[in-house]
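Report on the following structure.
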């Protein structure tokens, strides 16, 4: 027995010892990147990381930041537990002092929790759940829009645009809400419910569903019974596809469908459901906005980004990828050049002082972070109030921004959506 | 009257999707019944087969049903391979060896798929432009109806094979009592190989039926494997008719509970159904009494 | 055991400490599972439910009622034990794969319940514990303290395991596991013994869950009550050696650093490579070393000992 224990200790020590790594020299700026490269969210992870790589290549080609090149240490975080371990590892073993990420909300929450504990600066490019900025953290900055903004965009679009096109005042418009019941879906769902209440809009249907459902019949049937004009659906790619197919199968259709990010913004949707996709609206990060909305220097950067992204992945970037690039580029050009070190307090100060107007970033965003000074919620800190959000529409010519007007490149079409037999 | 149509549609759709669940689980129940092993990589077998079907459709242009001609034999061979390398060595060991080895296989297969195909969702074009056929007041997609038909056909064929052919009798004898069968001269190890491969081939068949309905991606197996297990146990391990009945039950329960209770609770209802069956009729709907309590041939 | 304490005392880097800490925790959890799975033959693939019940109960009590986790964790443990008893009674007549799948189904019911019982558990968005260090609330600034905590947990579960192993009760469990009919003919009450084993196992697993919650400070049902986690609880003892006390510990100390290693070397590269390797390793070990690492070592060391003459 004793020998066995000794043997075990030896094995363990050898294995554990292997995990020690030498410290790195400081000629580069090392940024820890946490994205889900495997696991259910890895599509987002891979696309976000590609966008970030392009940003890194572009900045390094321009001489780096204050002469130093940028280097990424990528960690795969398929789930929140891995997120915590991997973040710990990057910080404690590899000594990174600044991190970016994280693909989707549950991961963003876990990663930032860990970075805050170590006093490390975290630049969140895509995670959206509202709670990210409501935890009293000092060093986590969420550059992309918070969950409730997606909700607001969907409702604003319905109020400002759809009511006119459908010729129905908002009080008479039948609006249904369908949300997948994990962090993002629930967060946006809550946002829509709250915002609708604020604007005195009644939702005739409001239900969450299990994202892994293999049969959408009951949901579609329920919606059929309720006969909505507008359906706002928050789904991930797989369930969005199943839903659309089932809707066609059971002959359920609405006048307008507004999908919210994730599933409906997935560029592969057209490949999966073909022409059924035309006409669907998506409330999402803006991917490609009207160049007139951008500052002149940004237009050039945007073009270069789109070109390189297309070369790597052979498709236009999804909203989260654009957001990742925009956020990363802003970090490289507006925050890090002003920093003498990578210490979180210094970076935090610089971030809080940022005041970039809308249109400064490639996806139409500006940057202005809250700092416990936001009227609707004084507890909120680190949220970017100028993150762009809008609605685009699947059209044959591409995914075109249709709302808000200043970011729009096209007009909405196909309102109301024709019946299935006519499509 | 409107309510009747709703219930009718729910039951009808549940029936159709349930038959697909059944088809997907038949291989598993045969394997359980004969070899008494749990194949935790069952979902991944389905996933591999679906990728195969998708590749066939995409590169030859024929529809998914023609793909059977390629996918079913391929899965037969794959099943034989896995049986040889992984299952056979594990048969005389404590049964959790096979449980964990197949778990490892599941992880391996999922990530190989990820490496080769990436995480994107792959689909094949729908028949009839995705429109439905109407049968009375009810809608049904052509692919679902075909799936239902294939399931019934497969059940019938296998039933005939089991009842009338020598192979079938040998399999049934092995299910009843492996030792006795061996004493009677039945080459039990070969029966194991044949059954496992056949089970795998059945998965291949169901994949061809499923690819027009569901997208394939590396972790798609996870969505289905729990359903398959529940169907198998609900129906009674080793019982083909049980799998059919179990699958349909699950499909209908899922459909009705999703409508009348809440879709958010998704799979909870049939897990509860599963547990209820376990308490009150552990051998499943059509299994033999006492089978669950006799357990494995340790 | 002294080796472990030495490991922590050496004060290695923060990252190593993290791995060691997790290894202790996993060892404890594996030992807990082993009481039901290895000793009593109750192979459960649903232990994540107990883990989750422990983690959530103590965290909810802290968040909503201000009860310190030092007390809360016992509440969670008792709750888990009760659920464990119910489960065992429900599945009293089931054996083999029927039992295994029932545990899986039960765990899924718990998970989906937790996911949707948003008012209490925070649902999908998860439950967060404030990271301000305070010994009263079992939140520590220093990782070494956590490591010590986990070490104590591991030691306690080890002691309990050894105690069962050497006792008459343990003897009953082995008897039932190996040949139930003979055992009950000899006067052992299988149901009682089984229930006891499952309760103890659930109780200890839940404590581990509470400790985990205090370390990670963030819970969400999809990751805390997942089938993947349940598999891990069973995998580690199986690899290390079921039915022995040292097996689960060995398993934990090999698997935990190994997964970290694989992920850090390969995780950044081709997506999925590290997991593919993990899967392949698993298959190989299970097929060729079914009594786990401890079994293989035992044989190796004994053989060596004999021939050393």
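Protein chains in written order, with the numbering used here: chain S, 235 to 657; chain Y, -5 to 292; chain X, 332 to 640.
Where a beta carbon is used, it is the ideal one built from N, C-alpha and C, also for glycine.
Comparing alpha-carbon positions, the option among 293(S), 268(S), 600(S) and 295(S) lying closest to residue 283(S) turns out to be 268(S).
Straight across, the Cα-Cα distance linking residue 377(S) with residue 28(Y) is about 57 angstroms. Counting only Cβ-Cβ distances below 8 angstroms, residue 439(X) has contacts in chain Y at 220, 261, 262 and 265, in chain order. Burial is judged here by how many other beta carbons sit within 10 angstroms of a residue's own beta carbon; residue 48(Y) has at least 16 and is buried. Against chain X, the beta carbon of residue 489(S) has no neighbour under 8 angstroms; the closest one sits roughly 30 angstroms away. When beta bridges are read from the DSSP output, residue 634(S) appears opposite 627(S). Unbroken alpha helix (DSSP H) stretches of 4 residues or longer found wholly inside the segment 520 to 568 of chain X: 521 to 547 and 552 to 555, given in chain order. The beta carbon of residue 567(X) sits closer than 7 angstroms to the beta carbons of 357, 361, 579, 582, 583 and 586 from its chain, once the five residues preceding and following it are set aside; these are given in chain order. Taking the C-beta atoms as reference points, residue 578(S) is found nearer than 7 angstroms to residue 353(S).
Around the beta carbon of residue 292(S), 16 or more other beta carbons sit within 10 angstroms, so the residue counts as buried. Against chain Y, a Cβ distance below 7 angstroms from residue 433(X) picks out 269 and 272. Chain-order list of chain X residues neighbouring residue 36(Y): empty, with the shortest C-beta distance near 12 angstroms, by a criterion of under 9 angstroms. DSSP places residue 458(X) within a strand segment (E or B) once states are collapsed to three. Look at residue 468(X): its C-beta is not under 7 angstroms from any C-beta on chain S. Between residue 174(Y) and residue 168(Y), the CB-CB gap reaches or exceeds 7 angstroms. Neighbours of residue 217(Y) in chain S, taken as residues at a C-beta separation under 7 angstroms, are given in chain order as 446 and 448. At least one CB of chain S lies nearer than 7 angstroms to the CB of residue 554(X).
Among the CB atoms of chain Y, none fall inside 7 angstroms of the CB of residue 546(S).
The shortest C-alpha to C-alpha distance from residue 268(Y) to any of 216(Y), 220(Y), 43(Y) and 0(Y) is the one to 220(Y).
At least 7 angstroms separates the CB of residue 505(X) from every CB of chain S. Judged by pairs of C-beta atoms under 8 angstroms, the segment 6 to 13 of chain Y touches the segment 446 to 457 of chain S, as three or more such pairs exist. Among the CB atoms of chain S, none fall inside 7 angstroms of the CB of residue 510(X). A buried status is given to residue 320(S), since no fewer than 16 other beta-carbon atoms sit within 10 Å of its beta-carbon. Taking residue 572(S) as the centre and dropping the five residues before and after it, the same chain places the C-beta of 584 closer than 6 angstroms to its C-beta, in chain order.
Around residue 26(Y), the beta-carbon contacts reaching into chain X at under 9 angstroms are 428. In the DSSP assignment, the residues bridged to residue 356(S) are 333(S) and 374(S).
Here DSSP, grouped into helix, strand and coil, assigns residue 291(S) to helix.
CA-CA distance, residue 531(X) to residue 651(S), rounds to 60 angstroms. Take residue 562(S), set aside five residues on each side of it, and the residues of its chain with a beta-carbon closer than 6 angstroms to its own are 286 and 289, in chain order.
Collapsing the DSSP output to three states places residue 549(S) in coil.
In terms of beta-carbon proximity, residue 4(Y) lines the interface with chain S, with at least one pair separated by less than 7 angstroms. Comparing C-alpha distances from residue 447(X) to each of 634(S), 529(S), 417(S) and 604(S) shows the shortest one belongs to 417(S). If the five residues before and after residue 271(Y) are omitted, its C-beta is found closer than 6 angstroms to the C-beta atoms of 228, all from its own chain and listed in chain order.
Of all residues in the segment 400 to 425 of chain S, those with a C-beta nearer than 8 angstroms to a C-beta of chain X are 415, 416, 417, 419, 420 and 421, reading in chain order. In the three-state reduction of the DSSP assignment, residue 415(X) falls in the helix class. In the structure shown, residue 489(X) falls within a helical segment according to DSSP collapsed to helix, strand and coil.
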